[in-house]
Amino acid sequence: MQLFPGAEVLELPMQGFGGPSVVHPVLLMSEEGATLVDTGFPGQGAALEAALKAHGLSMAELDRVILTHQDIDHIGNLPAIAAGRATVLAHRLEAPYIEGSEPLLKFNPERMQRMLERMPEAAQAQFKQLMSDPPKAHVDVLLEDDEELPLYGGIRIIHTPGHTPGHISLYFPKHRTLISGDAMRVVNGQLEGPGPEVTPDMPTAQASLAKLPKDVEYVLCYHGGLFGPGAGKRLQEIVG
Ligand SMILES: [Zn+2]
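Residue numbers (this note's numbering): 1393 to 1632.
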């Protein structure tokens, strides 16, 4: 699905640890090269390769990968991509987790125990293995709030902490389109704030929504997909 000319929404389906799910990385393409925003779960490598192949690309041929944050469903295929030629970009506060010098914040023992209990036995061993050796890669470019990347007509980096400390959203002013990462979700066709279950700091996450551009028409959520037009009006309702 095209988000705007030169931006393709990939759909990666999988039987997740907690049930079936689809996630939505975005592929940006122009003469400036190919950039992937978020990389899917570990185990979605083949699905990601197939989705890239449909656009004449492979993981090894990506020029950049921008990570909205450190969560496992976003960094799952990062090592395979970073093994190619891609430059890795993430917010400064997220880098230590992505590089593996700090343990992933959502991989805390209590939360993991709860997840393991909900999981079929066959998946447990695989999950434990993943916990003991999560995906990681060097972050080449540290991003800051309000930074403008001179790519694809301009990308504004908006620091949207709460879901994680260094979570970012990407705004494309020219297209009035926001890639929200997990700062927002689409649930039953409606644009919503972040999932409380997976957002450790909800007050901060809520405050982050107030930073988002009011003139936005479309929001692409990693979980739930595209919302719009009219996203700005809905955003105002959520922010209150
Ligand atoms: Zn996520």
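Even for Gly, the Cβ is constructed at its ideal location relative to N, Cα and C.
Looking only at C-alpha atoms, which of Arg1503, Thr1427, Glu1441, Gln1518 sits nearest to Ala1482?
-> One-based indexing of the sequence shown puts residue 1482 at position 90. Out of Arg1503, Thr1427, Glu1441, Gln1518, the CA that lies nearest to the CA of Ala1482 is found in Thr1427.
Which first and last residues belong to the alpha helix (DSSP H) in which Val1457 is found?
-> Within the sequence shown, residue 1457 is the residue found at index 65, counting from 1. For Val1457, there is no enclosing alpha helix (DSSP H); the residue is found in the beta strand (DSSP E) stretching over 1456 to 1458.
Can His1615 be considered in contact with ligand 1, in the sense that its beta carbon sits closer than 7 Å to one or more heavy atoms?
-> Position 223 of the sequence shown, counted from the first residue, corresponds to residue 1615. Yes, ligand 1 has a heavy atom inside 7 Å of this Cβ.
Residues bridged to Glu1400 [DSSP beta-bridge criterion] = Position 8 of the sequence shown, counted from the start, is the residue given in the question as residue 1400. Beta-bridge pairing links Glu1400 to Gln1394, Leu1419.
Per DSSP, Ala1442 forms a beta bridge with which residues?
-> Position 50 of the sequence shown, counting from 1, holds the residue named residue 1442. Paired residues: none, contrary to the question.
Based on Cα-Cα distance, which residue from Gly1435, Ser1413, Gly1616, Gln1598 lies nearest to Gln1628?
-> Reading the sequence shown from its first residue, position 236 is the one you call residue 1628. Selected option, being the one with the closest Cα: Gln1598.
Of all the alpha helix (DSSP H) runs that stay within the bounds of the stretch 1535 to 1619, which reach a length of 4 or more residues?
-> Segments of the alpha helix (DSSP H) lying fully in the stretch 1535 to 1619: 1594 to 1601.
Length of the line joining the Cα atoms of Tyr1614 and Glu1502 = In the sequence shown, counting from the first residue as 1, residue 1614 sits at position 222. In the sequence shown, counting from the first residue as 1, residue 1502 sits at position 110. Rounded to the nearest angstrom, the two C-alpha atoms are 25 Å apart.
Option nearest Tyr1544 by Cα separation, candidates Val1415, Val1414, Glu1424 = The residue given as residue 1544 occupies position 152 in the sequence shown. Checking every option, the nearest Cα to that of Tyr1544 belongs to Glu1424.
Compare the C-alpha of Lys1603 against each of Arg1577, Ile1549, Ala1443 and name the closest.
-> Working through the sequence shown from its first residue, we reach residue 1603 at position 211. Measuring C-alpha to C-alpha distances from Lys1603 to each of Arg1577, Ile1549, Ala1443 identifies Ile1549 as the nearest.
Local conformation of Ala1474 per DSSP, three classes | Residue 1474 sits at position 82 when you count from the first residue of the sequence shown. Ala1474 falls in the helix class under three-state DSSP.
For Pro1526: DSSP bridge partner residues = Here residue 1526 refers to the residue found at position 134 of the sequence shown. None, per the DSSP bridge assignment.
Going by DSSP, which residues form a beta bridge with Pro1405?
-> Here residue 1405 refers to the residue found at position 13 when the sequence shown is read from its first residue. Answer is Val1414.
Sheet register partners of Leu1496 (DSSP bridge) | One-based indexing of the sequence shown puts residue 1496 at position 104. For Leu1496, DSSP assigns no beta-bridge partner whatsoever.
Can you give the beta carbon distance from Ile1467 to Thr1431, rounded, assuming they're within the 8 Å contact cut?
-> Translated into the one-based positions of the sequence shown, residue 1467 becomes position 75. Translated into the one-based positions of the sequence shown, residue 1431 becomes position 39. Going by Cβ atoms, the distance from Ile1467 to Thr1431 rounds to 6 Å, so yes, they are a contact pair.
Which one of Pro1595, Lys1528, Met1406 has the shortest CA to CA distance from His1461?
-> Within the sequence shown, residue 1461 is the residue found at index 69, counting from 1. A check of alpha carbon separations from His1461 across Pro1595, Lys1528, Met1406 identifies Lys1528 as the nearest.
Could you tell me the boundaries of the beta strand (DSSP E) in which Gly1425 lies?
-> Taking the sequence shown and counting its residues from 1, the one referred to as residue 1425 is at position 33. First-last of the beta strand (DSSP E) with Gly1425: 1425 to 1429.
Evaluate Asn1469 with the Cβ neighbour count: other Cβ atoms within 10 Å of its Cβ, from every protein chain shown; 16 or more gives buried, anything less gives exposed.
-> For the purposes of this step, residue 1469 is taken as the residue at position 77 of the sequence shown. By the 10 Å Cβ count, Asn1469 comes out buried.
Tell me whether Glu1494 is buried or exposed, calling it buried when 16 or more other Cβ atoms sit within 10 Å of its Cβ.
-> Sequence index remark: in the sequence shown, residue 1494 carries index 102 (1-based). If you draw a 10 Å sphere on the C-beta of Glu1494, you find fewer than 16 other C-beta atoms in it, and that means exposed.
Between the stretch 1451 to 1460 and the stretch 1472 to 1490, are three or more C-beta pairs nearer than 8 Å?
-> Yes: the two stretches touch, three or more of their Cβ pairs being nearer than 8 Å.
Residue nearest to Leu1449 in terms of C-alpha spacing, selected from Ala1487, Gly1435, Pro1471, Leu1419 | Working through the sequence shown from its first residue, we reach residue 1449 at position 57. For Leu1449, the closest alpha carbon among the candidates Ala1487, Gly1435, Pro1471, Leu1419 is that of Leu1419.
Can you name the start and end residues of the alpha helix (DSSP H) that Leu1508 belongs to?
-> As a working note, residue 1508 is residue 116 in the sequence shown. For Leu1508, the uninterrupted alpha helix (DSSP H) run begins and ends at 1501 to 1510, by DSSP.
Bridge partners - Ala1515, DSSP secondary structure assignment = For the purposes of this step, residue 1515 is taken as residue 123 along the sequence shown, with counting starting at 1. DSSP lists no partner for Ala1515.
May I ask you to list the residues that DSSP assigns as paired with Val1480?
-> Along the sequence shown, one-based indexing puts residue 1480 at 88. Residue pairing by DSSP puts Val1480 in a beta bridge opposite Val1457.
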